[in-house]
Each structure stands twice: as C-alpha cells, then as structure tokens.
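Q: Per this note's numbering, residue 689 is the first one in the first sequence, and the count goes up by one each step.
Got a structure for you, questions after.
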Amino acid sequence: MSDKKTQRIKPQTLRGFRDFLPDQMMAREHLIDIARSVYRSYGFAPIDTPALEYAEVLLGKGGEESDKQVFRFTDQGDRDVAMRFDLTVPLARFAAQYVQELGVPFRRYHIAPVWRGERPARGRFREFMQCDFDTIGTMSNSADIETLFVINDLFEKIGIERFTIRVNNRKVLNGLLEKCGLGEHAVGILRCLDKLDKIGRDAVAAEMVERVGITAAGASQVLDMAQLKGTPDEILRGLDGMLAGSQIGETGVNDLRELFASVDACGWPAGRVSLDVSIARGLDYYTGTIYETLLGDLPEIGSVCSGGRYDNLADLFTAQQLPGVGASLGLDRMLAALEELGRTQKATTPAPVLVTMFDAGRVSDYLQIGRRLRQAGIGTEVYPEAKNIGKQMKYADRKGFRLAVIAGGDEFAAGQFQVKDLQNGTQASVAAADLIAHISALLSPSK
RNA sequence: GUGGUUAUAGCUCAGUUGGUUAGAGCGCCAGAUUGUGGUUCUGGAGGCCGCCGGUUCAAAUCCGGUUAGCCACCCCA
689 MSDKKTQRIK
699 PQTLRGFRDF
709 LPDQMMAREH
719 LIDIARSVYR
729 SYGFAPIDTP
739 ALEYAEVLLG
749 KGGEESDKQV
759 FRFTDQGDRD
769 VAMRFDLTVP
779 LARFAAQYVQ
789 ELGVPFRRYH
799 IAPVWRGERP
809 ARGRFREFMQ
819 CDFDTIGTMS
829 NSADIETLFV
839 INDLFEKIGI
849 ERFTIRVNNR
859 KVLNGLLEKC
869 GLGEHAVGIL
879 RCLDKLDKIG
889 RDAVAAEMVE
899 RVGITAAGAS
909 QVLDMAQLKG
919 TPDEILRGLD
929 GMLAGSQIGE
939 TGVNDLRELF
949 ASVDACGWPA
959 GRVSLDVSIA
969 RGLDYYTGTI
979 YETLLGDLPE
989 IGSVCSGGRY
999 DNLADLFTAQ
1009 QLPGVGASLG
1019 LDRMLAALEE
1029 LGRTQKATTP
1039 APVLVTMFDA
1049 GRVSDYLQIG
1059 RRLRQAGIGT
1069 EVYPEAKNIG
1079 KQMKYADRKG
1089 FRLAVIAGGD
1099 EFAAGQFQVK
1109 DLQNGTQASV
1119 AAADLIAHIS
1129 ALLSPSK
C-alpha cells in the first residue's frame, strides 16, 4: 500500500553519530584490545562511570563555551542532568568519592564513549571513544616517565614503526614567561602558542598581540624561546641559561632532564622522543610535563595520543589534593590513520573457520564439528543452509574465513574431512580424529 | 555559532538551454556449475532524483525553506 510506504520511518542516524559495520568494528575492537592489554601490563585497573551525571558535576569547569557543547536535559525525575563530555571530569568526581577506599597512588584506565554537541567535522563526532589512563595521588616524576613508556608500548604493539612523542613541560613555559614579565598572560599565550604548527610563527605572533594584548617584542621573545631547536640535551642546556633564577623553570628543566635520561636508557630509535618547547596543549589544567604523539608517516593528522601532568584533579569535589599524570589515545583518529596507511585488515568474520553444510540430513554432525573446534579454542561458524558448495565458498571468501571444512556423504563414510585453505587454495583430506591438530597447525602464527 | 559547498540505485557518480520511459560502473540476488571461492558470461531485483513549498503547460534540472554531509573559520575542559 502506498499509505504504508509514507508511514515508514526513515532509517537514519542522528547528526554527528555513527553506525559501525562489522569490518570497522573489528578494527576498533582490535585497537581497544591492544590499549587494554598495554594499560593492564603497567598495573592500570579498569573503571567505568555513568554516561549521565548531575549537570553540576560536569559543568562549570571549562567556561561558557564548553558548557554549550554539553548534552544536557531534565530527566523524568526533574533532575538537571548531562552526558559526560570527557573521562577526566568523571574521574575527578570518582576519585573524590572513593580515594579513601582506593588509596593512592591509584592507576586506572577508562575506555568509553563521550558526547559533545559540537558541530561535526572531519574526525570529529558527537559521540566518540576515549581511551584514558592516569596515575593519581603521586607527584613523582617516575609516573610521568612511565606515561611515556605506556605511549611507546601502545604504538609498538599497534605495529607503528615510525612515531615521535613530543614532550614539553608547562613549568618550563611558565618560567620562560615569568622571565619575560608575561606571567599573567600565561593562559592566553599558551593557547596561541599551541597553534604554532598549524598557522605558523607570524600568525601566532599576530594573534598574541591582537588577542592576548602583549607587545610584538614580547611575542617575538616568547617565540624565539619556544622555537629552540636541537637534541634534547642541547635544548635543555639552552633552557638552563634562559631560566637561571626562575625556580619554577629550573624545576621543570630538572624533571625533563631526568625523563630524557630514562629515555636514553631505553635504547629506543633516535628521535622517538623529542623535546619541543613550543607545544603547550590547549588544556588549562596541565601543570607539568606534557606529551603529544605524531605518526612519522602521517604527521598532518595531528596528535593521536596526548596528555600530561596536572596538580590537582579534584579540587572542585574535595579538599584533598590529588595530583596526577595521564594521557589519552585518540581512537578515532588512530583508526583513520591506520586506514589511510592501508593497515586495516579486511576480514569481517571474527572466526577463522567455516564448516560448510553439504547434506541437510546431517545438520547435527556439522554442528558437532563446530563444537569440537570451538572447544579447542578455534573460532568456527557453521553455515546454516545446505546451499550448493560454490555459494558457500563464495560466502567464505567474502567474509575472510581462513579455512573451510567440507564434508559430504563420501567423507562421512570414510571418516575423513576436506580442509581447504582459502588463502592459498590448497586442500587436504584429514581423518576426523586429526581434524583439530591439522587446523591448529594451519592457523598457528608461524604459518 | 559564521561563511561556502554538496545531496540522483546498497556504493561511486553521469544526466544537454526545464521536455515525454532517469542511466553507467561496482556491489547484491539468480542461472551457466544441485561437490569447491576470487575470473568469465547471461539474467534479475533495487529510485517519491534528501524533505517541504513555489514558479511553469511541463521540474532530478529554476527559486525559497528545511534536514544531512563535506570544507574553511570559531571552539576543543
């Protein structure tokens, strides 16, 4: 009926929200599995918090501009509620609430979606995943250095060969500004400085004069220092001179020096960790070492893992001081990068083996083959219909199965199965008793 | 939030100064081949031309609005 057609609901997703098809979801879960295992290997423990919080818990920290981006509404009980827009503010509330029973230092990871009502753009959505890890309750530089280790392991495990972790320290920046007599403009200046890569020196200088209200000479002085170039040792020596007498600046330099000494001991490829005095990160709350990570083959997409040290996470919620350090993997950006680099696999099946069905009268036998394989830890799908084998092979090929098991009347009579390797086209006849061993061997990583 | 731009089959797109039955490639389904995938050949299904309104004898085509995507700003706790 034509009436019915007009009554149908149009299938569509909300602006800025996305569906994920199996091939995309496989890639996402693979990345999440890696992040989870790296985090756990350092002792970070998983937590979760609600998607919805009291609006007052989430709002008011980032100013009006960011409050506008928060999804907020009144619930059925007339409560003023909001959806979390990052994982850091919920962590602050969480830490304030449970620090007594958790004790410090406390290390947690949190992999979960967040929501922001901002205008969608390339790589920016209204619902996206964050993969945070933080160590709270310690001032020790050791935690800062390990943050760097975590980032390094993360990228190595993902299989990226070329990447650079850029490091700086807010204390160094503040020390430099203090020496220039620009201390009270720190926030504005750093926000401009953070754009250096994107818009260039001249534009940053102009913006500092126009929007922050400092002199052109002051802007130039700041930029000269921020653009110090060289090996970390050379830059640190340069900073020593510039920061002499600034207590905060010297503290920052010492932290960096200790950090780079640890890096030297790691034996990583040259240039993996660089010192860049121009990076500031947009966030106001960082107070110490800060990190961002660029891909060697795709630097233009920006940082895919960023973070830093903050003095006091939870002062909105508790009098107890909770310093910490952590970082966050930008999952969506990382996936976009892997895709662009042609590094995502195409399989849309999570199981490597397909048991084809030849004879509808033997359904139970096929299902038992599947069961046996799964009990041996081999993911197996049993094709649900006795369609012709050509169709089933085509299905296996398209979904990316590694192996197909084929068994008809002849095989059952002989107690043999055909096992076909879809990747190289070879096929072997295998005794039923040897099936598991044969398939395990074909699937073993050494093959 | 500001400006620009786009919207036609599942996907990528073509569609003449407005004109009669809206096309292609890929994909999907089926057959050639009821015991073997990627190749090939044949056939088929699938469209309120994003949505609403206007101009016109006539609109996928022109105009207004709206929704969504993309790009540049703004912002990014």
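The beta carbon of each residue, even a glycine, is placed where N, CA and C say it ideally should be.
(1) Which parts of the segment 862–932 are runs of the alpha helix (DSSP H), unbroken and 4 residues or longer, counting only runs that do not cross its ends?
(2) What is the rounded straight-line gap between the Cα of Gly1065 and the Cα of Ile877?
(3) Look at Val777 and Leu746 and say whether their C-beta atoms are less than 8 Å apart.
(4) Out of curiosity, what's the CA-to-CA distance linking Val1118 and Gln1104?
(5) Straight-line CA distance for Asp1020 to Arg706?
(6) Taking all protein chains shown into account, decide if Ser1052 is buried (16 or more other Cβ within 10 angstroms of its Cβ) or exposed.
(7) CB-CB under 6 Å to Pro801, same chain, minus the five flanking residues each way: which ones, in chain order?
(8) Report all residues from its chain with a CB closer than 7 Å to the CB of Gly906; omit the five preceding and five following residues, and keep chain order.
(9) Leaving out the 5 sequence neighbours to the left and right, which residues in its chain are closer than 8 Å to Arg1060 when beta-carbon positions are compared?
(10) Taking the alpha carbon of Leu916 as the point to measure from, which residue in Leu963, Ala780 and Leu1017 has its own alpha carbon closest?
(11) Can you find at least 3 beta carbon pairs, one from the segment 702–718 and one from the segment 1028–1043, that sit closer than 8 Å?
(12) For the 8 Å Cβ check, are there 3 or more pairs between the segment 721–731 and the segment 830–844?
(13) Considering only their Cβ atoms, is the gap separating Ala809 from Val769 smaller than 8 Å?
(14) What is the DSSP secondary structure of Val1154, counted as helix, strand or coil?
(15) Check whether the segment 930–943 and the segment 852–864 touch, using three or more Cβ-Cβ pairs below 8 Å as the test.
(16) Considering only the alpha carbon of each residue, which of His1126, Gly805, Gly976 and Glu1099 lies closest to Asp1109?
(17) Which same chain residues end up closer than 8 Å to Gly976 when comparing Cβ atoms and leaving out the 5 residues on each side of it in sequence?
(18) For Phe1105, does the three-state DSSP call read helix, strand or coil?
(19) How would you label Pro699, buried or exposed, when you count the other beta carbons within 10 angstroms and need 16 or more for buried?
(20) Mind listing, in chain order, the continuous alpha helix (DSSP H) runs of no fewer than 4 residues lying wholly within the segment 767–822?
(21) Along the alpha helix (DSSP H) that carries Gly937, what are the first and last residues, could you check?
(22) Determine the contact status of Tyr1071 and Thr1114, defining contact as a CB-CB distance below 8 Å.
(23) On the three-state DSSP scale, how would you describe Ser1016?
(24) Counting only the same chain and skipping the five closest in sequence on each side, list residues whose C-beta sits under 6 Å from that of Val973.
A: To lay it out plainly:
(1) 874–881, 884–887, 889–895, 904–914 and 920–931
(2) 57 Å
(3) yes
(4) 5 Å
(5) 12 Å
(6) exposed
(7) Glu815 and Met817
(8) Cys868 and Leu870
(9) Leu1123 and Ile1124
(10) Leu963
(11) yes
(12) yes
(13) no
(14) Because the chain spans 689 through 1135 in this model, residue 1154 falls outside it and cannot be assessed.
(15) yes
(16) His1126
(17) Asp832, Asn857, Arg858, Lys859, Gly940, Asp943, Gly996, Arg997, Tyr998, Asp999 and Val1013
(18) strand
(19) exposed
(20) 776–790
(21) Gln935 to Cys954
(22) no
(23) strand
(24) Going by the sequence as given, residue 973 is Tyr instead of Val. Same-chain partners within the cutoff: Tyr998.
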